[in-house]
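Heads up, the thing below is written out as structure tokens.
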Amino acid sequence: MIEFKQVQKQYPNGLLALKNINLQIKQGEYVAIIGLSGAGKSTLLRCINRMHDITAGSLTVDNVEISTLKGNGIRQLRRNIGMIFQSFNLVTRISVINNVLVSFVPQMPLWRKILGIFTEQEKKQALMALDKVGILDKAYIRVDQLSGGQQQRVALARTLAQDPQIILADEPVASLDPLTANQVMEDFKRINQELSMTVIMNIHHVELALDYATRVIGIHDGEIVYDGRSKDITDEI
Ligand code: ADP
Ligand code: ADP
Numbered sequence: 014m015i016e017f018k019q020v021q022k023q024y025p026n027g028l029l030a031l032k033n034i035n036l037q038i039k040q041g042e043y044v045a046i047i048g049l050s051g052a053g054k055s056t057l058l059r060c061i062n063r064m065h066d067i068t069a070g071s072l073t074v075d076n077v078e079i080s081t082l083k084g085n086g087i088r089q090l091r092r093n094i095g096m097i098f099q100s101f102n103l104v105t106r107i108s109v110i111n112n113v114l115v116s117f118v119p120q121m122p123l124w125r126k127i128l129g130i131f132t133e134q135e136k137k138q139a140l141m142a143l144d145k146v147g148i149l150d151k152a153y154i155r156v157d158q159l160s161g162g163q164q165q166r167v168a169l170a171r172t173l174a175q176d177p178q179i180i181l182a183d184e185p186v187a188s189l190d191p192l193t194a195n196q197v198m199e200d201f202k203r204i205n206q207e208l209s210m211t212v213i214m215n216i217h218h219v220e221l222a223l224d225y226a227t228r229v230i231g232i233h234d235g236e237i238v239y240d241g242r243s244k245d246i247t248d249e250i
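With our numbering, letter number 106 in the sequence shown gets 119, and the count goes up by one each step, no holes.
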């Protein structure tokens, strides 16, 4: 479980991006965070894997206070939490499978990553992850030959191969066309349901949030202004 208690995040320039956030997210939930640009969605997400540090309050993941974690503790936290970005963050000049491989074995020596030398077991694990998002047939194709939607699936496979409990997704479908965006949202839903992974996703597209997530949290100006089941909102509309 992820628990925010009276969390505040103030950037060094004085801007208060999160004000008194109180929030509990249980294992296996699929949460969409909605809000206008600048509301604080990205900041909130990035506090969970320590890309940002909170400046007041308490933030725990599985009862561990993460703000006091140091080097090894942070690495362990991040192994447990996969992150997906709007811009995919892939190495576009190498193959799909190598993109998955270079990221999911954290202890792999750099020379093996550079030379692309992986064990059969590692390759099997990478191929299984690609299969879960339906792009097994693209394994040996270079990333720059794939469509945006396929690239986001590679990013998702890379995260899955690491076998995290939690996936944080920061606007994962913002740069995709509507049809592809729906397909990628469908992938997230399947992963949430079949693998019981917690998914927390920032998304400015409210209809997609309502269609796919089970819980919707609205943020405005650094504060939670709505928190409810997406089904309830859909019924009200
Ligand atoms: P959202 O993801 O909802 O668009 P953000 O979390 O990116 O919102 O930003 C929340 C607020 O914090 C915005 O006013 C933004 O300009 C500000 N902000 C974000 N990152 C920084 C930073 N590194 N330094 C100062 N202010 C920042
Ligand atoms: P995104 O919404 O895709 O995260 P942004 O344009 O909000 O992208 O932010 C890009 C980078 O700039 C982030 O690292 C963010 O922390 C930083 N940033 C955003 N707003 C500010 C700001 N007002 N002052 C300083 N840095 C900022």
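Heads up, the beta-carbon is just placed ideally off N, CA and C, and yes, glycines get one too. Since this is a predicted model, take the numbers as computed values, not measurements.
Looking from the CA of Gln163, the closest CA among Gln23, Asp150, Gln175 belongs to Asp150. Taking the C-beta atoms as reference points, Val77 is found no nearer than 8 angstroms to Ile61. Pairing Glu184 with Gln99 gives a Cβ-Cβ distance under 8 angstroms.
Not one heavy atom of ligand 1 is found less than 7 angstroms from the C-beta of Leu72. Judged by beta-carbon spacing, Lys136 lies within the 8 angstroms limit of Ile110, meaning their Cβ atoms are closer than that value. Scanning Phe101, Arg125, Tyr225, Ile232 for the CA closest to the CA of Thr56 turns up Ile232. Put simply, the backbone Cα of Thr247 is about 20 angstroms away from that of Asn205. C-alpha of Asp240 to C-alpha of Arg92: approximately 28 angstroms in a straight line.
Of all alpha-carbon atoms in Ala182, Met96, Ala226, Arg63, the one lying nearest the alpha-carbon of Gly84 is that of Arg63. Look at Asn76: its beta carbon is at least 7 angstroms from all of the heavy atoms in ligand 1.
Just measuring C-alpha positions, the residue of Gly161, Lys126, Ala30, Val146 sitting nearest Ser50 is Ala30. In the DSSP assignment, Ile46 forms a beta bridge with Asn215, Ile230.
Here Gly129 is exposed, its C-beta having fewer than 16 other C-beta atoms within 10 Å. Between Ile67 and Lys54, the C-beta spacing is not below 8 angstroms.
Inter-residue distance for Lys22 and Gln134 is about 42 angstroms (C-alpha atoms, whole angstroms).
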